[in-house]
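Read in the numbering used here, the sequence shown has 665 at position 260, and its numbers run on one by one without any break. Report on the following structure.
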Amino acid sequence: MTTSLFFKNRTLKHIVFWILYLLIWIVMDVMYGASLIKASYKYLGCLLEIPFYYIHMYYLWPKYISTKRYVYYFLAFIPLLIINSLLVKLFQYYFIYPVLLEIPKLPSDFFSFPRILDFARAILLWFGPPTAIKILQDHYENKINLEKIKKEQKISELNFLRSQMNPHFLFNTLNNLYSLSLKGSKKTPEALLQLSNLLSYTLYEGSEDKISLEKEIHHLHDYIELEKLRFGNRLNLQMEITGNFSGVMITPLILIPIVENAFKHCSLNERGDVDIQIKIAVTNGELHISTVNPVGNSVKEDNKNGIGVQNLSKRLQIIYPQKHTFRLEERAHKFYVDLSIQLDN
């Protein structure tokens with residue numbers, strides 16, 4: 406039998422545990438001068454305590470202690486303890502003590518309260534360590550399961566946010582293409598190719614846990630080129646990228662909502678030039694991205710319920726807890742976004 410099979414066989418593990426536990430008590434008696442045969446025979450009565458342990462730990466404990474019904478627990482535990490103590494001692498007096506100690510019959514005070522109390526104390530002493538081990542094991546397993554549940558909840562929430570983010574991104578991009586088609590632009594095929602690249606990245610690379618920062622920035626460039634087709638000569642874009650991005654890995658689709666948000670605020674219904682500033686830098690183990698864009702009156706109401714930025718904030722809390730700062734501010738008809746992420750070494 407392989408080791409892995411042993412650890413998967415619960416019954417076998419319990420049998421081995423009780424054998425080892427009995428051996429510990431037998432060895433202790435032998436160390437104090439008892440013969441191996443007498444010590445082994447003495448603890449035969451302890452076999453009757455094993456069912457008591459399982460009734461206690463697998464029925465009473467989860468039913469009453471885990472549900473904080475302490476009065477019911479003691480009302481059930483004390484009679485069970487007394488009955489088990491008497492059964493063990495009766496077995497010892499009839500089958501063990503006559504052989505080891507030459508005691509032919511029960512003492513006259515066998516059923517007295519002091520005797521029963523002494524029997525119960527011996528039982529508690531014997532099965533106390535296994536009980537403590539079981540409680541600690543359950544506590545550890547519950548802690549692991551709780552962490553697993555929390556992790557699964559975070560993954561589920563993150564997947565839900567991603568499922569919301571992709572349609573939102575597609576919706577904005579299709580609006581861009583619709584604007585081009587209304588103008589009868591010859592650049593529509595080029596825009597469709599850009600859209601294909603964007604969707605390919607979102608579908609494949611976007612599902613990865615980590616991706617190189619260089620690929621993420623290349624994705625931003627594809628998106629910006631598509632936006633340039635929409636705004637034409639009205640767009641005054643200042644984009645500054647600094648730092649060494651080699652080997653830097655980040656969660657995909659973290660930067661695009663910020664850049665997308667900057668362009669979204671610039672309504673096509675607003676006349677005049679559109680000034681957008683984008684800065685991306687890697688310094689001292691941190692990634693910084695900031696944007697500045699004008700805020701049109703027609704999009705102020707939309708800003709209150711921006712899906713992309715809201716989802717980004719939730720994703721950052723899940724993926725980079727305590728490792729990021731995310732600030733949004735509107736002043737003097739301009740919208741400022743600043744994100745800093747502590748990069749993993």
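Note that the Cβ used here is the ideal one computed from N, Cα and C, for glycine as well.
Identify, in the order they occur along the chain, each residue of the same chain with its Cβ nearer than 8 Å to the Cβ of residue i, setting aside the five sequence neighbours on each side.
i	result
I521	I487, S490 and L491
L631	T578, N581, A596, Q599, L600 and L603
C451	L427, W430, V493 and W531
P534	Y426
L453	N489, L492, V493 and F496
S471	none
K588	none
Can you grab the Cα-Cα spacing for the pair residue i / residue j, in whole Å?
i	j	result
Q542	T536	10 Å
Y459	W430	20 Å
H729	I746	4 Å
Y499	D434	21 Å
Y583	A596	11 Å
V653	K620	10 Å
L480	N547	27 Å
L585	K592	8 Å
I512	Y448	Rather than Ile, the amino acid found at residue 512 in this sequence is Pro. Cα to Cα, P512 sits roughly 20 Å from Y448.
Y469	F482	10 Å
K709	R415	Residue placement at K709 cannot be trusted, given a pLDDT of 45 that sits under 50; the coordinates are not used to answer.
K473	F457	21 Å
Q727	L658	19 Å
Y606	Y464	54 Å
L417	S651	53 Å
H693	I661	13 Å
I655	E665	18 Å
Y475	I501	36 Å
F731	E613	23 Å
V700	N550	47 Å
Do residue i and the ligand NAP come close, with the Cβ less than 7 Å from some heavy atom?
i	result
L585	Looking for the ligand NAP in the displayed structure turns up nothing, as the structure carries no ligands at all.
For residue i, which residues in the same chain have their Cβ closer than 6 Å to its Cβ, ignoring the five residues on either side in sequence?
i	result
S445	I431
V742	I663, T696 and L733
F524	S490 and K494
Y725	I746
L642	I681
K684	E645 and S695
What does DSSP give as the partner residue(s) for residue i in the beta ladder?
i	result
S752	The first residue shown for the chain is 406 and the last is 750, placing residue 752 beyond what the model contains.
I646	I685
T416	The partner list for T416 (beta bridge, DSSP) is empty, contrary to what the question assumes.
S745	H693 and T730
E735	F740
Kindly list the residues whose CB is nearer than 7 Å to the CB of residue i, restricted to its own chain and excluding five residues on each side of it in sequence; keep chain order.
i	result
M462	T536 and K539
N649	V687
K633	L640
L455	One point to set straight first is that residue 455 is Ile, not Leu, in the sequence displayed. The residues are W423.
Y477	Y469
E610	I616, K620 and P657
Touching by the beta-carbon criterion (3+ pairs, under 8 Å), the stretch 623-633 and the stretch 596-607: yes
Q | Three CB pairs or more closer than 8 Å across the stretch 715-727 and the stretch 687-702 | A | no
**In chain order, each beta strand (DSSP E) run of at least 3 residues that lies wholly inside the stretch 440-471** = none
Practice problem: Jot down the residue ranges of each uninterrupted alpha helix (DSSP H) in the stretch 476-530, minimum 4 residues, whole runs only, in chain order. | Solution: 502-505
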